[in-house]
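These notes are about the structure you will find just below.
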Amino acid sequence: MGIIGELQDRKTGDSDILRQIFNQSPAIEYLLDPENGSIVDANDAACTFWGWSRQELRTMRIWDINTSGQKKLEDQFTETRAGITHFFKNKHRIASGEIRDVEVYVNPIAIQGKTLNLIIAHDVTDRRLAEESLRLAQRALASAPIGILISDAQQPDMPITYVNPAFEHLTGYSQAEVLGRNCRFLQGAERDQPEIAQIRSALKEGSSCEVTLRNFKKDGTLFWNQLHIAPVRNDAGTITHFIGAQKDISMQVAANARIDQLAFYDPLTDLPNRRLFLDRLGNCISVAQRNNVFGAVVFIDLDNFKNINDAEGHEIGDDLLREMAQRLRQALRQEDTVSRLGGDEFVLLLPALSDSSEISAHMVQIAIARIQKAICEPVVLGKLQHQIAASIGVTLFPKGVESASDLLKQADTAMYRAKAAGRNSVCYFEPTMQAAVSARLNIEHDLREAVERQDFRMFLQGQVNAAETVIGAEALIRWHNKDGGLISPMAFIPVAEDTGLIVPMGEWMLRQACLAIKKLEAAGRPIRIAVNVSPRQFRGADFRDRVANVLRETGANGNLLTLEITEAVVFDNLNEAISKMRELKELGVHFSIDDFGTGYSSLAYLKKLPLTELKIDKSFIQDAPTDMNDASLVEAILAVASHHGLQVVAEGVETPQHVDFLKERGCPLFQGYYFGRPIPGEEFVNNLLTA
Ligand code: C2E
Ligand code: CA
Ligand code: CA
Numbered sequence: 035m036g037i038i039g040e041l042q043d044r045k046t047g048d049s050d051i052l053r054q055i056f057n058q059s060p061a062i063e064y065l066l067d068p069e070n071g072s073i074v075d076a077n078d079a080a081c082t083f084w085g086w087s088r089q090e091l092r093t094m095r096i097w098d099i100n101t102s103g104q105k106k107l108e109d110q111f112t113e114t115r116a117g118i119t120h121f122f123k124n125k126h127r128i129a130s131g132e133i134r135d136v137e138v139y140v141n142p143i144a145i146q147g148k149t150l151n152l153i154i155a156h157d158v159t160d161r162r163l164a165e166e167s168l169r170l171a172q173r174a175l176a177s178a179p180i181g182i183l184i185s186d187a188q189q190p191d192m193p194i195t196y197v198n199p200a201f202e203h204l205t206g207y208s209q210a211e212v213l214g215r216n217c218r219f220l221q222g223a224e225r226d227q228p229e230i231a232q233i234r235s236a237l238k239e240g241s242s243c244e245v246t247l248r249n250f251k252k253d254g255t256l257f258w259n260q261l262h263i264a265p266v267r268n269d270a271g272t273i274t275h276f277i278g279a280q281k282d283i284s285m286q287v288a289a290n291a292r293i294d295q296l297a298f299y300d301p302l303t304d305l306p307n308r309r310l311f312l313d314r315l316g317n318c319i320s321v322a323q324r325n326n327v328f329g330a331v332v333f334i335d336l337d338n339f340k341n342i343n344d345a346e347g348h349e350i351g352d353d354l355l356r357e358m359a360q361r362l363r364q365a366l367r368q369e370d371t372v373s374r375l376g377g378d379e380f381v382l383l384l385p386a387l388s389d390s391s392e393i394s395a396h397m398v399q400i401a402i403a404r405i406q407k408a409i410c411e412p413v414v415l416g417k418l419q420h421q422i423a424a425s426i427g428v429t430l431f432p433k434g435v436e437s438a439s440d441l442l443k444q445a446d447t448a449m450y451r452a453k454a455a456g457r458n459s460v461c462y463f464e465p466t467m468q469a470a471v472s473a474r475l476n477i478e479h480d481l482r483e484a485v486e487r488q489d490f491r492m493f494l495q496g497q498v499n500a501a502e503t504v505i506g507a508e509a510l511i512r513w514h515n516k517d518g519g520l521i522s523p524m525a526f527i528p529v530a531e532d533t534g535l536i537v538p539m540g541e542w543m544l545r546q547a548c549l550a551i552k553k554l555e556a557a558g559r560p561i562r563i564a565v566n567v568s569p570r571q572f573r574g575a576d577f578r579d580r581v582a583n584v585l586r587e588t589g590a591n592g593n594l595l596t597l598e599i600t601e602a603v604v605f606d607n608l609n610e611a612i613s614k615m616r617e618l619k620e621l622g623v624h625f626s627i628d629d630f631g632t633g634y635s636s637l638a639y640l641k642k643l644p645l646t647e648l649k650i651d652k653s654f655i656q657d658a659p660t661d662m663n664d665a666s667l668v669e670a671i672l673a674v675a676s677h678h679g680l681q682v683v684a685e686g687v688e689t690p691q692h693v694d695f696l697k698e699r700g701c702p703l704f705q706g707y708y709f710g711r712p713i714p715g716e717e718f719v720n721n722l723l724t725a
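The numbering of the sequence shown is the working numbering, which starts it at 35 and goes up by one.
The structure is reproduced here in structure tokens:
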């Protein structure tokens, strides 16, 4: 029996119970004699904690365990006796030699006239260690040089619950201003940065991610935020928080941009340099090969730059190069690249022109015409005005397996040929293209002469109804060049269109057609004659007046004249087209949509237009009897036309099969070789009158 039992009031007989309570208490409890510091008794928890048996402890003094030393402990006993304090924080060296932190409550109790201290102790070592590491972590966060933000993953919209001073410093927002908000306010108006989606998906998956975002400080300045976000999980594995660490890397981004600028751009003009040009060209070549579209490389060398540079000095020379750079930039499309290789050499990349090499070549020619015009515009340098010209070399790609630098060499070669040909000329690397360009130039030249001499002929091709009676005709232009060869309208109409020659040509045709109308009407065999109107002609501001003049001068009945226009003409400016067509309609003339089905074929606009007729393009008629798609398209056009009360002419009717197919589906009018080829206008008129 221990001292507790012995010291108890024997009459109660409860000593065993008290002994048990004392021994089995989970708290560390022991009795000290404050007179000499001896350990009078200790419970099981105390023995376990210290690592000594009760017998051993009874031979020890408390200063054998408590590291405060005898003197300090005696002071504590005095304080307790005086009732000043009962609570102390001490350190105990336990049997293993380890030092533990304990908090002790000292209760003096009187037992048989003697005062003993009953002590209840708590081992707070673990708690202190935890507190210490927490304090350390907080210190670390507070003094970390990177911005840190913690948000609560378990509340709606993940409010910020902590930001460190570096965050406040970096963003200009104080902790008080940001707590409780979602951190997206840092994005300002830039909510659709692709990196944000990346963060969102990482948060959803509960994984960490690192992105660089464009963020804004409180004062509105942009900074590049290199952000690392990591989830924090509790013991159950649930994400409770997200920690964001952020760094302002704006300086680094700016430095990189500057390096890029130096590495890939010409410092004088800010245009891409050779390296960037070759890089972009390389990409374009693979895209062109994959998508089957053509692009062009255009090499430009200013003709008289050296003279100006030598005569006027380098500063003026630099101004000139900058001016030319800007003009080239403005003359091209957004997707084109203008680069400067050095000196007075510029090279252009015109990607994705068309899937047809002819159309691409044509587009290049149009672009080059614009470029030449831009370069030739007089430029004032210093006090003098100069006119610049350039030698231009062109090559198209892809041809075969040429690399970017091969193509650059080809364009360079072509440029040298252009230089040799004299100032301000253009040469193509491809012989066929060169030939096509020359041919086109020849056509243009001859066409001008032909227009002056009115060297054209009008052919007429009949249009018949279901009873195969001729009820109309289409006027088609024919041109024999100097050598007497017949040139297809397909070859010269586009040139006439580009050069504007189509306007006098078209008017000449209109007059011939009106003369034929007049003659046939006068002879008692009136038919309608259709004239093709080109886009450029139709858009001319005085087109209505020109038509009115021709009708008046020839005395033709406007009701017998049909103007054929294409969908593109109408679509370019629907409202303008409609009002122009209405004015013309007042003269009695009819409108027909040519090549119907090949263009926009938006049936919705048909209602809005003052139309009389649709001409189904011959490409659909050709295969309609055998091709299901074409057949149903023809059927659809016939149905829509009849719904809108429109006449329909099927073009390119060549065979009895075509005729049967169309007649079975109620097509009212036919035109094509089956019923007659285009023949000279006079012959056509005579045939009709003598039939
Ligand atoms: P388009 O307006 O579609 O003219 C019909 C074309 O089809 C004519 O070609 C005609 O000769 C041809 N053709 C007629 N019947 C048949 C047939 O059964 N089978 C085939 N395969 N073709 C047939 P052309 O005369 O060579 O004219 C070509 C294009 O040139 C015309 O196409 C029109 O867009 C344009 N064009 C012709 N004359 C003029 C004109 O005076 N002014 C304007 N602006 N363009 C014209
Ligand atoms: Ca036509
Ligand atoms: Ca046509």
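Every residue gets a Cβ at the ideal spot worked out from N, C-alpha and C, and that includes glycine.
What span of residues does the alpha helix (DSSP H) with residue i cover, start to end?
i: F250; result: From DSSP, F250 is part of no alpha helix (DSSP H) but of the beta strand (DSSP E) over C243 to F250.
i: Q260; result: Element bounds for Q260: not the alpha helix (DSSP H) but the beta strand (DSSP E), L256 to R267.
i: A76; result: Element bounds for A76: not the alpha helix (DSSP H) but the beta strand (DSSP E), S72 to A76.
i: F654; result: K652 to D657
i: D489; result: That residue, D489, is in no alpha helix (DSSP H); it is neither H nor E in DSSP.
i: E63; result: No alpha helix (DSSP H) contains E63, which is instead part of the beta strand (DSSP E) from I62 to D67.
i: R115; result: Q104 to R115
Using three-state DSSP, classify residue i as helix, strand or coil.
i: F630; result: strand
i: V687; result: coil
i: D446; result: helix
i: K697; result: helix
i: K125; result: strand
i: R53; result: helix
i: S130; result: coil
i: I393; result: helix
i: K619; result: helix
i: E647; result: strand
i: D733; result: The question about residue 733 has no answer, for the chain in this structure spans 35 to 725.
i: I233; result: helix
i: Q497; result: strand
i: A223; result: coil
i: A178; result: coil
Thinking residue i and residue j are a contact (beta carbons under 8 Å), I'd like their distance in whole angstroms, please.
i: P644; j: M615; result: 5 Å
i: D628; j: E598; result: 4 Å
i: E137; j: K125; result: Contact doesn't hold; Cβ gap of about 11 Å is too wide.
i: M539; j: F490; result: 7 Å
i: K516; j: D480; result: 6 Å
i: P199; j: A176; result: 6 Å
To which residues of the same chain is residue i closer than 8 Å at the C-beta, ignoring the five residues directly before and after it?
i: E464; result: T429, L430 and K433
i: L510; result: M492, F493, L494, Q495, P523, N566 and P712
i: V398; result: A330, V332, L384, L387, V428 and L430
i: V498; result: V504, I505, L703, F704, Q705 and F709
i: R309; result: A297 and F298
i: Q546; result: M492, A509 and G715
In chain order, what residues of the same chain have a beta carbon less than 7 Å from the beta carbon of residue i, not counting five sequence neighbours either side?
i: A725; result: none
i: P560; result: L554 and L594
i: Q421; result: C410 and P412
i: C318; result: G329, L383 and P385
i: G103; result: W97
i: D300; result: N307 and R374
Hey, could you find the ends of the beta strand (DSSP E) residue i is sitting in?
i: W513; result: V504 to H514
i: L150; result: K148 to D157
i: R92; result: First-last for R92: R88 to R92, but that is the alpha helix (DSSP H), not the beta strand (DSSP E).
i: I194; result: I194 to V197
For chain B, check one thing: does any of its Cβ atoms lie closer than 7 Å to the Cβ of residue i?
i: L310; result: Here there is only one protein chain, and chain B is not present.
Going by beta carbon distance, what residues of the same chain come within less than 6 Å of residue i, once the five residues before and after it are set aside?
i: F111; result: P68
i: L91; result: I73 and A76
i: S373; result: L305, P306, F311 and V381
i: L152; result: L65, N141 and I143
i: K106; result: none
- Ignoring anything shorter than 4 residues or poking outside the segment 278-332, list the alpha helix (DSSP H) runs there in chain order. 284-298 and 308-325
Scan the segment 518-599 and note each continuous alpha helix (DSSP H) run of 4 residues or more that stays entirely inside, going in chain order.
523-533, 536-556, 569-573 and 577-588
Contiguous alpha helix (DSSP H) assignments of at least 4 residues, all confined to the segment 402-476:
438-454
- Item | Start-end ranges of the beta strand (DSSP E) lying completely within the segment 328-387, minimum 3 residues | 328-336 and 371-376
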